[in-house]
Amino acid sequence: MLRRDTLALVLLALGACSGGEPAPGVIPGECVARCAGRECGDDGCGKTCGSCAVDAPFCVAGSCVAQCTPICDARACGDDGCGGTCGTCAIASTCIDGSCCTAACGDRSCGDDGCGGQCGACAQEQSCVEGRCVEGQASNRWDDGSWDQNVWGP
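Counted from 1, the sequence shown has number 491 at position 51 by our numbering; the numbering is strictly sequential.
Printed below as a string of structure tokens:
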């Protein structure tokens with residue numbers, strides 16, 4: 441069961457996200473650092489929650505610790521959990537969940553690049569179909585008990 445003060449904070453946060461009044465001290469559109477209970481590490485806004493001292497130099501899950509064992513297992517890239525890396529990717533690649541991914545756009549002018557990015561964008565009056573920009577906006581139509589998502593209109 442939620443405590444009353446926790447429930448009040450949850451409701452306050454939901455109100456700030458639902459278009460109501462922002463939480464006190466929060467400027468709309470400004471990133472709010474998430475450092476509560478953390479002494480180090482990323483604050484979620486591109487800054488840090490603090491740095492660690494020489495006697496406990498490793499930041500692990502927001503806490504400074506004296507010793508840390510890097511964990512890379514099958515990771516080819518990314519954070520090793522001790523402030524180091526498991527490796528880096530080639531310039532044209534991106535590290536996604538510990539694996540290097542190279543965008544695969546080929547001759548695609550729009551749509552997913554296979555690495556969480558886009559190969560390009562279509563004009564507002566166009567839609568992306570199989571990697572190509574086509575005239576018309578996508579629409580859905582209920583046909584024979586299923587959605588047909590390949591219907592294009594002017």
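Where is the CB? At the ideal position from N, CA and C, for every residue including glycine.
Check: For Ile536, which residues from the same chain have a beta carbon less than 7 angstroms from its beta carbon, with the 5 sequence-adjacent residues on both sides left out?
Finding: Cys555, Gly556
Notebook entry, point to check: Quick one: any contact between the stretch 526-545 and the stretch 497-517, if contact means 3 or more CB pairs under 8 angstroms?
Noted result: yes
Next item on the list: Could you tell me whether any non-hydrogen atom of the ligand ZN is closer than 7 angstroms to the CB of Val500?
Entry: Judged by which ligands are present, the structure shown has none, so any question about the ligand ZN falls away.
Item checked: Beta bridge counterpart(s) of Thr542 as assigned by DSSP -> Ser533
Check: Can you tell me whether Gly576 is buried or exposed, with buried defined as 16 or more other CB within 10 angstroms of its CB?
Finding: exposed
Next item on the list: Count the other CB atoms, across all protein chains shown, that sit within 10 Å of the CB of Asp495; report buried if there are 16 or more and exposed otherwise.
Entry: exposed
Notebook entry, point to check: Hey, Glu479 and Cys489 are a contact pair by Cβ (cut 8 angstroms); roughly how many whole angstroms apart?
Noted result: 7 angstroms
Notebook entry, point to check: Can the beta-carbon of Ala563 be found closer than 8 angstroms to that of Cys573?
Noted result: yes
Next item on the list: Using only alpha-carbon positions, find the residue among Ala544, Ser503, Gly484 that is nearest to Ser491.
Entry: Ser503
Next item on the list: Quick one: grab the DSSP three-state call for Val429.
Entry: In the structure as shown, the chain begins at 441 and stops at 594. Residue 429 is therefore absent and cannot be evaluated.
Next item on the list: Apply the 10 Å Cβ neighbour rule to Cys499 and answer buried if 16 or more other Cβ atoms are within range, or exposed otherwise.
Entry: buried
Notebook entry, point to check: In three-state terms, what does DSSP make of Gln564?
Noted result: coil
Checklist line | Straight-line gap, Asp483 to Gly523 (C-alpha atoms, nearest Å) | finding: 15 angstroms
Item checked: Bridge-paired residues (DSSP) for Gln558 -> Asp552
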